[in-house]
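Enquirer: One structure is given below, represented as structure tokens, and several questions about it will come after.
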Amino acid sequence: MDPVLHTFEKIRWAPLVQIVILCVGTLITFIVAFSTGDVSIYLPFISETGAKVPAMCIFTFTLIFGSVAGAVAVCYRNLIMRHLLLNSDQRLKKLNDISAFVGLISMAGLAGVGAFPVSTVFWAHMLAAGVHFVFAMVYMILQTFMNHYVPEPNVLLNRLRIFFCVGVMGLLFLLVIFFPLSFFKWNKVHPGPPALKTPQDEIFGLMFSSAFFEWVMYGAFLSFMSTFSVEFRKFHLTIGVVPVSAKCDQDN
């Protein structure tokens, strides 16, 4: 019996759906947190916008749905790269699967950031954020490397991905330095949370810079993910369903 095939064309929008969910959801979270007085207008950290109810609820759903859309994009990208690397070295094919695994761990970390609010389970939140950011960076590097071995690679796309990779690596390096340093110095001179910082506060510049690095870094990551939509438009996902034969039933 011929397989029943189901073609999914809309899946090519997965990277853009993730971007819309995360950008719109984060913006709404920030507006709600600002309106309730939980953050100041001066660029809080992303996690600070969703630290308290009711913004916390929006933040959690945003990151969970965003991580699901991101996981779909990672899996679909893996299938497309399998096709493009069909005649390539086995090591590249294995690297493609490793890259997908790394990408899925990154998306699980993103869901963990939403599941563990920074205001209630700080260290679990920090661990999830670290997993997400580090594995996202590794995923970007692997994807950029493999893209040089596909037939007729898009030169402009390759350069864009290299640019985003270098940007994320540099910003993550700065964040690793500035984030703990800014919190250490803030806690020494301020009893209140840094989410309510103003230009009049001591250490404002250091704290603002840390938050700025985080926002720009995440923007670079989402921009990198958006480049997948260029290749996604050239493919459709087709899934086949084949009934088990009577002979197979008897064998089982």
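Sequential numbering from 1 applies to the sequence shown in the UniProt record's numbering.
From the three backbone atoms N, C-alpha and C, an ideal C-beta is built for every residue, glycine too.
Bear in mind that the values here come from a model prediction, so they are computed numbers and not experimental data.
1. From residue 240 to residue 234, what distance separates their C-alpha atoms?
2. Tell whether a beta-carbon distance below 7 Å holds between residue 99 and residue 51.
3. Could you tell me which of 237, 109, 42 and 68 sits nearest to residue 6, measuring between CA atoms?
4. From 156, 217, 180 and 53, pick the residue whose C-alpha is nearest to that of residue 123; which is it?
5. Among 39, 9 and 173, whose alpha-carbon lies nearest the alpha-carbon of residue 192?
6. Where do the ends of the beta strand (DSSP E) carrying residue 241 lie?
7. Measuring CB to CB, does residue 12 end up less than 7 Å from residue 173?
8. Applying the criterion that 16 or more other CB atoms from any shown protein chain within 10 Å of the CB defines a buried residue, is residue 165 buried or exposed?
9. I'd like the list of long-range same chain contacts for residue 223, defined as Cβ closer than 6 Å, with 5 residues on each side in sequence excluded.
10. Go ahead and label residue 58 buried or exposed: buried means 16 or more other beta carbons lie within 10 angstroms of its beta carbon, across all protein chains shown.
11. Kindly list the residues whose CB is nearer than 6 Å to the CB of residue 64, restricted to its own chain and excluding five residues on each side of it in sequence; keep chain order.
12. Name the one or two DSSP bridge partners that residue 4 has.
13. To the nearest angstrom, how far is the alpha carbon of residue 42 from that of residue 211?
14. Below 7 Å CB to CB, which residues in the same chain sit around residue 213 once its five sequence neighbours on both sides are set aside?
15. Considering only C-alpha positions, which residue in the set 36, 244 and 169 is nearest to residue 135?
16. Are the beta-carbon atoms belonging to residue 74 and residue 103 less than 7 Å from one another?
17. Is the region 15 to 34 touching the region 79 to 89 in the sense that three or more CB pairs, one from each, lie closer than 8 Å?
18. How far does the alpha helix (DSSP H) with residue 88 in it extend, from its first residue to its last?
19. Between the C-alpha atoms of residue 153 and residue 147, what's the straight-line distance to the nearest angstrom?
20. Would the beta-carbon of residue 229 fall within 7 Å of that of residue 19?
21. Helix, strand or coil, according to DSSP, for residue 234 in the structure here?
22. Tell me the rounded alpha-carbon separation between residue 95 and residue 71.
Expert: On the basis of the supplied data:
1. For the purposes of this step, residue 240 is taken as residue 240 along the sequence shown, with counting starting at 1. For the purposes of this step, residue 234 is taken as residue 234 along the sequence shown, with counting starting at 1. Their backbone Cα atoms lie some 20 Å apart in a straight line.
2. Within the sequence shown, residue 99 is the residue found at index 99, counting from 1. Within the sequence shown, residue 51 is the residue found at index 51, counting from 1. The answer is no: Cβ separation not under 7 Å.
3. Taking the sequence shown and counting its residues from 1, one reaches residue 6 at position 6. Of the candidates 237, 109, 42 and 68, the one whose C-alpha sits nearest the C-alpha of residue 6 is 237.
4. For this step, residue 123 is matched to residue 123 along the sequence shown. Taking only the C-alpha atoms, the option nearest residue 123 is 180.
5. Sequence index remark: in the sequence shown, residue 192 carries index 192 (1-based). Of the candidates 39, 9 and 173, the one whose C-alpha sits nearest the C-alpha of residue 192 is 39.
6. One-based indexing of the sequence shown puts residue 241 at position 241. Unbroken beta strand (DSSP E) run through residue 241: 237 to 241.
7. Position 12 of the sequence shown, counted from the first residue, corresponds to residue 12. Position 173 of the sequence shown, counted from the first residue, corresponds to residue 173. Contact flag unset, no.
8. As a working mapping, residue 165 is identified with position 165 in the sequence shown. Buried is the call here.
9. Here residue 223 is taken as the residue at index 223 of the sequence shown, counted from 1. The residues are 164.
10. In the sequence shown, counting from the first residue as 1, residue 58 sits at position 58. The residue in question, residue 58, is buried, as its Cβ has 16 or more Cβ neighbours within 10 Å.
11. Translated into the one-based positions of the sequence shown, residue 64 becomes position 64. Counting only Cβ-Cβ distances below 6 Å, and skipping sequence neighbours, we find 111 and 114.
12. Along the sequence shown, read from residue 1 onward, the residue named residue 4 stands at position 4. The partner list for residue 4 (beta bridge, DSSP) reads 241.
13. For the purposes of this step, residue 42 is taken as the residue at position 42 of the sequence shown. For the purposes of this step, residue 211 is taken as the residue at position 211 of the sequence shown. Each residue's Cα considered, the two are about 9 Å apart.
14. The sequence position of residue 213 within the sequence shown is 213, counting from 1. Same-chain partners within the cutoff: 171, 174, 175 and 178.
15. The residue given as residue 135 occupies position 135 in the sequence shown. Residue 169 is the option with its Cα nearest to residue 135.
16. Here residue 74 corresponds to residue number 74 of the sequence shown, with the count starting at 1. Here residue 103 corresponds to residue number 103 of the sequence shown, with the count starting at 1. Cβ distance < 7 Å, so residue 74 and residue 103 count as in contact.
17. no
18. Reading the sequence shown from its first residue, position 88 is the one you call residue 88. Neither: residue 88 is in no alpha helix (DSSP H) and is coded neither H nor E.
19. On the sequence shown, position 153 is the one that residue 153 refers to. On the sequence shown, position 147 is the one that residue 147 refers to. Rounded to the nearest angstrom, the two C-alpha atoms are 7 Å apart.
20. On the sequence shown, residue 229 is found 229 positions in, with the first residue counted as 1. On the sequence shown, residue 19 is found 19 positions in, with the first residue counted as 1. No, these two residues do not count as a Cβ contact at 7 Å.
21. Counting from 1 along the sequence shown, the entry for residue 234 is found at position 234. Coil, per DSSP.
22. As a working note, residue 95 is residue 95 in the sequence shown. As a working note, residue 71 is residue 71 in the sequence shown. Approximately 18 Å between the Cα atoms of the pair.
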